[in-house]
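Structure record follows, encoded as structure tokens.
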Amino acid sequence: MASHDRQNAHENAHYGANQQGTRERNERLILTLLRRTPGLAKAEIARRTGLSAQTVSRLIAALENDGLILRGAPQRGRVGQPSIPLSLDPEGAFFFGLKVGRRSAELVATDFLGRIVGREKQIYDYPDFTTVLEGCFKAINRLIERLGPARARRLAGLGIAMPFHLWEWAPRIGVPNDAMSDWKTRDLKSELERHLSIPVFLQNDATAACSAELVFGDTSRPPNFASFHVAFFIGGGLVLRGSIYAGAHGNAAGFGPLPVPDSTGRMHPLIDAASLSNLERRLLENGVDSQQIWMDPEGWSIPEHLLLDWTENAAFALAQAVRATQTVLDLDAILIDGWLPRNLRAALTDGVRAELEQIDMTGMAVPAITAGTIGADARTLGAASLPLTARFLVELPD
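The numbering used here puts the first residue of the sequence shown at 135, with every later residue one more than the last.
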């Protein structure tokens, strides 16, 4: 076992035993361990949780009966009884994840492993509240029909990922203030809850993208990192000690307004240099179809010089933002992700890393600069992770 896993095992060994919680909490503990490390056997689960072998057996039997976990083929070759690996049942539960953005809304249905099993998308010039709400209801009905009765009965919730204070962005989107004023007086979460029989959750969209990394991403990530999520406007999320830190108002690591210098030394908000809205504007100025970048992140057909220019400017600005962030937070890593083609995400990550090497980081640890592991679906999957986490998971120490 790797040293990181040994440390986790040692820390988790007392977690179940020291809690006076309910059977449900211990069931959630087992589900969390199996999500993080599929294939664990009962004996290993007992060792990691500190629960007795008899208790673990009873909990696993209940989880099997609920259709949440599966037994694998017995693993022979050791002394004693064969070991039976356990894993989450993909059909155990289903979730909706809704992303509301400045140019599109997207609803996905995911299984218990976070795999997308259905998708509906709506593209618009700006997010009109009534249009978004009505589109959501239609998309939900279509996805429920596609799931079928058996799967639909296992729907455990809907998560929403959207920018907070959406009405304030009307001028930057290019529409009159009153076109989006409904977002100030109406509540999408409440209006969906009134018409649905499942719980509804809400999180800032860029923070939700970071949540997707925690729930569905690479489990070898460090315990302290920030993520930059590049979309119509750039945003971000913050993870401290292995948990999302949302801040007092849910907007922690909202990097868009962060002042950064350009190559001439003039200060600008990060949002002006590292957002896809800037690429959209350049495409329009050059007579290139800009709608394509909101349809499919892998289907872009953009002149190379425009893409290169945007990437270089964004990488320079992001490196400056990394430096500013590191002066305050002292993180292990920075993740770069977003609504980007894979090759562009890789190029942007490489660019930030190269730019950071040219910056004076005296007195600071240089964080690892890596690409996110979720990609273009981070916000929708992050939204779907909200009901999953609330119903089936517990936090484990990293």
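For each residue, glycine too, the CB sits at the ideal point set by N, CA and C. No experiment lies behind these values; they were computed from the predicted model shown.
For residue 462, does the count of other Cβ atoms within 10 angstroms reach 16, so buried, or fall short, so exposed? Indexing the sequence shown from 1 puts residue 462 at position 328. The residue is exposed, with fewer than 16 neighbouring Cβ atoms inside 10 Å.
Give me, in chain order, the residues of the same chain whose beta-carbon lies closer than 6 Å to that of residue 297; leave out the 5 immediate sequence neighbours on both sides. What you label residue 297 is simply residue 163 of the sequence shown in a count that begins at 1. Apart from sequence neighbours up to five positions away, the residues of its chain that approach residue 297 with a beta-carbon distance below 6 Å are 339, ordered along the chain.
Distance, residue 394 Cα to residue 415 Cα: What you label residue 415 is simply residue 281 of the sequence shown in a count that begins at 1. What you label residue 394 is simply residue 260 of the sequence shown in a count that begins at 1. Per the coordinates, the alpha-carbon of residue 415 lies some 20 Å from the alpha-carbon of residue 394.
If residue 257 sits next to residue 428, beta carbons under 8 Å apart, how far is it from one beta carbon to the other, in whole angstroms? Taking the first residue of the sequence shown as position 1, residue 257 is located at position 123. Taking the first residue of the sequence shown as position 1, residue 428 is located at position 294. Correct: roughly 6 Å between the Cβ atoms.
Nearest-angstrom Cβ-Cβ length linking residue 342 and residue 517, presumed shorter than 8 Å: Translated into the one-based positions of the sequence shown, residue 342 becomes position 208. Translated into the one-based positions of the sequence shown, residue 517 becomes position 383. Sure, about 5 Å apart at Cβ, within 8 Å.
Exposed unless 16 or more other CB atoms sit within 10 angstroms - verdict on residue 479: For this step, residue 479 is matched to residue 345 along the sequence shown. Counting Cβ neighbours within 10 Å, residue 479 comes out buried, since at least 16 surround it.
Can you tell me whether residue 245 is buried or exposed, with buried defined as 16 or more other CB within 10 angstroms of its CB? Along the sequence shown, read from residue 1 onward, the residue named residue 245 stands at position 111. Buried, by the Cβ-count rule.
Got a sec: is the Cβ-Cβ distance from residue 282 to anything in chain B below 9 Å? You won't find chain B in this structure, because it holds only one protein chain.
Please report how far the alpha carbon of residue 190 lies from the alpha carbon of residue 391, in whole angstroms. On the sequence shown, residue 190 is found 56 positions in, with the first residue counted as 1. On the sequence shown, residue 391 is found 257 positions in, with the first residue counted as 1. One C-alpha to the other measures close to 49 Å.
Could you please give the first and the last residue of the uninterrupted alpha helix (DSSP H) stretch that includes residue 275? Along the sequence shown, one-based indexing puts residue 275 at 141. The continuous alpha helix (DSSP H) containing residue 275 extends over residues 263-281.
Taking DSSP as the reference, what is the three-state secondary structure of residue 521? As a position in the sequence shown, residue 521 is number 387, starting the count at 1. When secondary structure is reduced to three states using DSSP, residue 521 falls in the helix class.
Beta strand (DSSP E) runs wholly inside the stretch 471-514, at least 3 long, in chain order: Runs found: 502-505.
Less than 9 Å between the C-beta atoms of residue 523 and residue 505, yes or no? Walking along the sequence shown from the start, residue 523 turns up at place 389. Walking along the sequence shown from the start, residue 505 turns up at place 371. With respect to residue 505, residue 523 sits apart: the two C-beta atoms are not nearer than 9 Å.
For the pair the stretch 366-380 and the stretch 265-272, tell me if three or more CB-CB distances fall below 8 Å. Flag = no, the stretch 366-380 and the stretch 265-272 do not touch.
Can you tell me whether residue 423 is buried or exposed, with buried defined as 16 or more other CB within 10 angstroms of its CB? Translated into positions along the sequence shown, residue 423 becomes position 289. Burial call: exposed.
Opposing strand residues paired with residue 253 [DSSP bridges]: Taking the first residue of the sequence shown as 1, we reach residue 253 at position 119. For residue 253, which the question treats as bridged, DSSP gives the partners 242.
Determine which residues share a DSSP beta bridge with residue 217 and list them. Numbered from 1 along the sequence shown, position 83 holds the residue referred to as residue 217. Per DSSP, 209.
For residue 250, I'd like the list of residues in its chain whose CB is within less than 6 Å of its CB, leaving aside the five on either flank, ordered along the chain. As a working mapping, residue 250 is identified with position 116 in the sequence shown. Closer than 6 Å at Cβ, skipping near neighbours: 242 and 244.
Contact check, residue 193 vs residue 164 under 8 Å by CB: the rounded distance? Stepping through the sequence shown from its first residue, residue 193 is reached at position 59. Stepping through the sequence shown from its first residue, residue 164 is reached at position 30. Yes, residue 193 and residue 164 are in contact; Cβ-Cβ is about 6 Å, under 8 Å.
Do residue 168 and residue 229 have their C-beta atoms within less than 9 Å of each other? Taking the first residue of the sequence shown as 1, we reach residue 168 at position 34. Taking the first residue of the sequence shown as 1, we reach residue 229 at position 95. No, the Cβ-Cβ distance between residue 168 and residue 229 is not below 9 Å.
Can you give the Cα-Cα distance for residue 464 and residue 267, rounded to whole angstroms? In the sequence shown, counting from the first residue as 1, residue 464 sits at position 330. In the sequence shown, counting from the first residue as 1, residue 267 sits at position 133. Roughly 41 Å between the two C-alpha positions.
Using 8 Å as the threshold, is the stretch 317-324 in touch with the stretch 281-290, meaning 3 or more CB pairs across them? No, the stretch 317-324 does not touch the stretch 281-290.
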